[in-house]
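Residue numbers (this note's numbering): 4 to 290.
As structure tokens, the structure follows; a few thoughts come after it.
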Amino acid sequence: MKILFWNIGNVLSERKIELITESISIEHPDIFCIAEGSYSRIDCQRIVDKLIEQEYICYYSPLFCDKDELQLNYKYVSNGLKIFIKVNINPIESFSFSSQRKDGRIVALKTFINYRATTLIFLHNTSKSGNREVTDDQRDFISSLGTMIDFANIGIDTERIIIIGDFNLEPWDNILRHKKYIESSFFYKQNSLYQRKNNSSRFYFNPSPEIIFQSKIENLGGTFYTDNSGWALFDYVLYNTKDSVVIYDVITEFAGGSKLLNYDNSIRSSFINDDLDHLPIITKINN
């Protein structure tokens, strides 16, 4: 199973629509989760229409608040996720109010991957707003994520949980290494040592720092960049290495097509092209 996550930024331009289409034609993701780009209902509908045109089914979008039968009890939230699944992917359960938290900024999708029941949790955390420290809103958000994880663990249909999205947190932020919220490690050796003595279902591995450290692309400093704040590592996958084999990567260009990252190693700013501030990430689940 291949999953593509991309925070395309607040403004939805024609160029970004083109890039979404290109990403599908090159990467062929089974599940595509898009953050932002839906400041207005019209723009949100444009994204939905484009993915449906590419033979995807909309599992969730902020427009679902208009569906009376779902009783979501919240108004349109522009930063709600947009989650699309290929027509041949069958969720174990349809989307419902219990499948989300934070007005659609945390959304769970249960499906089978290689005959194993898996809960995928997608998220788009609140912003640090240029600050280096974790905010109270972010703590509350990750607390809600912890509740979602507990809820998923209770379900008898779930064998494993994989979390993907824009955390708006660096992997080393303490909130991602605290038993009260969620525990994770971003060094594989440390993760392996910890797994020997720990059976917690809340302990996850974050592969993104090692991917960045090992990359031969000189200008790749993270998944997020602005001239004001610089590079940050916000978009990644968290998974338990005991029950999942995952291949993760940051997309800097589409094979034979558009380059999202400027490779000129003499530049000092504006590293990401096309008015983007996030690079897409790809997660392949192999077992």
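In this text, a Cβ means the ideal position worked out from N, Cα and C, and glycines have one as well.
What you are looking at is a predicted structure, and each value in this text was computed from that prediction instead of being measured.
Residue closest to residue i, alpha-carbon to alpha-carbon, out of the options
{"i": "Gln57", "options": "Ile27, Ser64, Ile288 and Ala235", "result": "Ile27"}
{"i": "Thr255", "options": "Ile178, Ser130, Lys245 and Ile215", "result": "Ile215"}
{"i": "Leu223", "options": "Lys200, Asn243, Asn265 and Asp52", "result": "Asn265"}
{"i": "Asp33", "options": "Ile45, Val14, Asp71 and Asn93", "result": "Asn93"}
{"i": "Ser261", "options": "Val14, Ile6, Val248 and Ile20", "result": "Ile20"}
{"i": "Asp106", "options": "Thr122, Lys85 and Leu75", "result": "Leu75"}
{"i": "Asp52", "options": "Asp71, Ala155, Phe87 and Val80", "result": "Phe87"}
{"i": "Val293", "options": "Gly225, Gly259 and Ile284", "result": "Residue 293 lies beyond the range of the chain shown here (4 to 290); nothing can be said about it."}
{"i": "Leu123", "options": "Phe8, Ala258 and Gly259", "result": "Phe8"}
{"i": "Cys47", "options": "Ser16, Ala155 and Pro174", "result": "Ser16"}
Nonlocal neighbours in the same chain, by C-beta distance under 8 Å from residue i, ignoring five residues either side
{"i": "Tyr293", "result": "Outside the displayed span of the chain (4 to 290) sits residue 293, for which this structure offers no information."}
{"i": "Arg271", "result": "none"}
{"i": "Asn213", "result": "Position check: residue 213 holds Glu in this sequence, whereas Asn was assumed. The residues are Phe189, Phe190 and Tyr191."}
{"i": "Asp267", "result": "Asn222"}
Cut-off 6 Å between Cβ atoms - residues of its own chain near residue i, not counting five sequence neighbours on either side
{"i": "Tyr239", "result": "Asn209 and Ser211"}
{"i": "Arg104", "result": "Ser147 and Met151"}
{"i": "Asn10", "result": "Ala38, Glu39, Asp169 and His281"}
{"i": "Gln81", "result": "Note that residue 81 is Ser in the sequence shown here, rather than Gln. Cβ neighbours of Ser81 beyond the five flanking positions: Ser41 and Tyr42."}
{"i": "Glu296", "result": "There is no way to answer for residue 296, as the model of the chain reaches only from 4 to 290."}
Rounded C-alpha distance that separates residue i from residue j
{"i": "Asp139", "j": "Asp176", "result": "13 Å"}
{"i": "Lys287", "j": "His127", "result": "20 Å"}
{"i": "Leu78", "j": "Cys68", "result": "The sequence given here places Lys at residue 78; Leu does not occur at that position. Cα to Cα, Lys78 sits roughly 6 Å from Cys68."}
{"i": "Lys245", "j": "Ser99", "result": "29 Å"}
{"i": "Glu96", "j": "Glu136", "result": "37 Å"}
{"i": "Ser187", "j": "Ala235", "result": "18 Å"}
{"i": "Ile165", "j": "Ala120", "result": "11 Å"}
{"i": "Leu241", "j": "Asn290", "result": "15 Å"}
{"i": "Lys113", "j": "Ser247", "result": "15 Å"}
{"i": "Ala111", "j": "Ile6", "result": "14 Å"}
{"i": "Asn194", "j": "Asn243", "result": "9 Å"}
{"i": "Glu72", "j": "Glu162", "result": "29 Å"}
{"i": "Tyr63", "j": "Lys219", "result": "36 Å"}
{"i": "Phe206", "j": "Asp153", "result": "12 Å"}
{"i": "Ser269", "j": "Arg108", "result": "38 Å"}
{"i": "Arg18", "j": "Asp278", "result": "9 Å"}
{"i": "Tyr59", "j": "Gln217", "result": "34 Å"}
{"i": "Gln198", "j": "Glu221", "result": "33 Å"}
{"i": "Arg180", "j": "Leu196", "result": "15 Å"}
{"i": "Val90", "j": "Ser273", "result": "37 Å"}
{"i": "Lys182", "j": "Gly259", "result": "44 Å"}
{"i": "Ser102", "j": "Lys70", "result": "15 Å"}
{"i": "Lys200", "j": "Glu173", "result": "25 Å"}
Rounded distance between the beta-carbons of residue j and residue i, thought under 8 Å
{"i": "Ile250", "j": "Leu263", "result": "Their Cβ separation, rounded to whole angstroms, is 19 Å, which puts Ile250 and Leu263 out of contact at 8 Å."}
{"i": "Leu54", "j": "Phe35", "result": "7 Å"}
{"i": "Ser232", "j": "Gly133", "result": "5 Å"}
{"i": "Arg3", "j": "Leu66", "result": "Limits of the chain in this structure are 4 at one end and 290 at the other, which puts residue 3 out of reach."}
{"i": "Asn171", "j": "Thr129", "result": "6 Å"}
{"i": "Ile167", "j": "Phe125", "result": "6 Å"}
Cutoff 7 Å; reference residue i; Cβ partners in own chain excluding five residues on either side
{"i": "Ile116", "result": "Met4 and Ile288"}
{"i": "Asn13", "result": "Glu39 and Tyr42"}
{"i": "Ile159", "result": "Bear in mind that the predicted position of Ile159 carries a pLDDT of just 48, short of 50, making it too unreliable to give a figure here."}
Discussion item. Going residue by residue through the stretch 55-95, where are the continuous beta strand (DSSP E) segments of at least 3 residues, counting only ones entirely within it?
Written reply: You should have 59-63 and 85-89.
Worksheet item: Which ranges does the alpha helix (DSSP H) cover as unbroken runs of at least 4 residues, wholly within the stretch 4-55, from first to last along the chain?
Response: 17-30, all fully within the stretch 4-55.
Discussion item. To test your reading of the DSSP string, which unbroken beta strand (DSSP E) runs of 3 or more residues are found completely within the stretch 123-173?
Written reply: Here the runs fully enclosed are 163-169.
Item to complete: Output the residue ranges of the alpha helix (DSSP H) runs that lie fully inside the stretch 209-286 and measure 4 residues or longer, sorted by chain position.
Response: List check, alpha helix (DSSP H) in window: 211-217.
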